[in-house]
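Single-structure report; data block below.
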Amino acid sequence: MMLAAFPARLAYGMVSLDIFFKVKDDTHSITIAGLAAGASGIVGSLSTGMRAAVIDRLGLKIPLRVFVPAYAVALASLDLCHGARLLIIFSALLGLTAPPINLSVRPMWRTAVPEEQYRTAIAIDTASMNLGVVLGPALATTLALSGHPASGLLTTAILILIGGIALSSLKFTKQWRPEQREAGGQTLFRTAGFRLLLAEGVLIGYGTGNFQIGIPAISSLHNEPRFAGLAFGTTAALSILGSLVAGSLGRQIAPVAGFRAIYAFWFLSTVPMAFVNPGWAFLLVLALFGFIGGAEQVFYLEQLEVIRPQGSAAAAIGWIWTVEGSFAAIGQSTGGFFSQHFSPHFCFAITGATFALGFVLIMVGQRWLKPFDRERATD
-13 MMLAAFPARL AYGMVSLDIF FKVKDDTHSI TIAGLAAGAS GIVGSLSTGM RAAVIDRLGL
47 KIPLRVFVPA YAVALASLDL CHGARLLIIF SALLGLTAPP INLSVRPMWR TAVPEEQYRT
107 AIAIDTASMN LGVVLGPALA TTLALSGHPA SGLLTTAILI LIGGIALSSL KFTKQWRPEQ
167 REAGGQTLFR TAGFRLLLAE GVLIGYGTGN FQIGIPAISS LHNEPRFAGL AFGTTAALSI
227 LGSLVAGSLG RQIAPVAGFR AIYAFWFLST VPMAFVNPGW AFLLVLALFG FIGGAEQVFY
287 LEQLEVIRPQ GSAAAAIGWI WTVEGSFAAI GQSTGGFFSQ HFSPHFCFAI TGATFALGFV
347 LIMVGQRWLK PFDRERATD
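Take my numbering: the final residue in the sequence shown is number 365, and no numbers are missing along the way.
Here is the structure:
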């Protein structure tokens, strides 16, 4: 599954910078480039929950076979567009057609591996996803700054086709069936722990969006555009190591307790971002941020798995990604304005503040999360 999905995950790692560099080169405006990237992100995120709900009802084949070719066509169409208004419109259309690659892979791990191997499987899968985030920005930056800048979006279209077709052709994908909902069981949105994670997703999403646009903005303003790819690559590379380390930890570390402990260090790693400029010091800060964030992802996903009710394997992560992605897109849109009219460091300060508030929210809401650790311990 990981090998089949990887080309599409690489494409996902490229698309945000593809849009940013395409729009910036065409309009010569960081603000408009941020708006275009934000438009793609927010439309894609708002529809993620609905795509996840379709997967929980219909399975994986139909969503993949509809959205994969549509996304490839949208990428090629965006490459032909010019003018701020048209670029923003087609960027939004790109988000609307985003195929549910990661949404398709995540639910299958529960039935693909034994329970005692689930954390390791999630860790390796997270590492695979983050590897796409490592290589994607570097490849997108290289293509955008080459003699053929249009090749970025076209390469992304080819990769999404290869990954989507490969994943939908797997025997396990064809055989996977959605979970049956428990009669009279609690619904997803009535689960207090899930609502807490949605609220936390608002804060983390907005802070992450500012971070994502602050990196290319500070790189451009310091006349070091290639630093953006290096920065994102460093962050994602260390997140791979962090997720693998988390996956090797013993099962005696419960998912909720592990998530809470790592969260504090994750917030602290964002603080220095507001005080450094492109260079080795910034890369060290991003390396720490990526390492802790990779470990946090593993415990977060395992925590979500024990919190969600039966029958919501795709919907649970889908609605979380809807909230986080939507507010990340808002953060990208406002981050472009903040970067151009104030400073990219203002974006990084917002990232630190929202992560701090997210940690406080998780600590205050522990009474809705701790019971799941106790239930897990008695399984």
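Using N, Cα and C, we set each Cβ at its ideal position, and we do this for glycine too.
Since this is a predicted model, take the numbers as computed values, not measurements.
In the three-state reduction of the DSSP assignment, GLY304 falls in the helix class, which pools H, G and I.
In the three-state DSSP reduction, PRO85 falls in the coil class, being neither helix nor strand. Of the residues assessed, TRP266 falls on the exposed side of the cut-off, its CB having fewer than 16 other CB atoms within 10 angstroms. In the three-state DSSP reduction, HIS327 falls in the helix class (H, G or I). Rounded to whole angstroms, the Cβ separation of ALA301 and GLY149 is 23 angstroms, and the two are not in contact under 8 angstroms. The three-state secondary structure of GLU310, taken from DSSP, is helix. Counting C-beta atoms within 10 angstroms of its own C-beta, ILE48 has fewer than 16 neighbours from the protein chains shown and is therefore classed as exposed.
DSSP places VAL188 within a helical segment (H, G or I) once states are collapsed to three. Assignment of ALA240 by DSSP, reduced to helix, strand and coil, places it in the coil class.
Its chain contains LYS10, ALA203, SER206, GLY322, SER325 and GLN326 as the residues whose beta carbon lies nearer than 7 angstroms to that of ILE16, once the 5 sequence neighbours on both sides are disregarded; these appear in chain order. Sequence-distant partners of PRO258 (beyond 5 residues in either direction) whose C-beta falls short of 6 angstroms from its own C-beta, in its chain, are VAL271. DSSP places THR141 inside the alpha helix (DSSP H), whose first and last residues are 137 to 155. Pairing PHE313 with SER63, the inter-Cα distance amounts to about 26 angstroms. Assigned with DSSP and collapsed to three states, VAL262 falls in coil, not helix or strand. Within its own chain, the residues whose Cβ lies closer than 6 angstroms to the Cβ of ILE87, once the five positions on either side in sequence are excluded, are ALA(-9) and ALA(-6), listed in chain order. Burial is judged here by how many other beta carbons sit within 10 angstroms of a residue's own beta carbon; SER155 has fewer than 16 and is exposed.
Contact holds between the segment 116 to 135 and the segment -2 to 7, because three or more Cβ pairs, one in each stretch, are under 8 angstroms apart. Taking each of ALA38, HIS68 and ALA70 in turn and checking the Cα distance to ALA84, the smallest one comes out for ALA38. Rounded to the nearest whole angstrom, the C-alpha separation of GLY195 and ALA214 is 15 angstroms. In terms of Cα proximity to SER137, the closest of ILE303, LYS8, GLY279 and GLY280 is LYS8.
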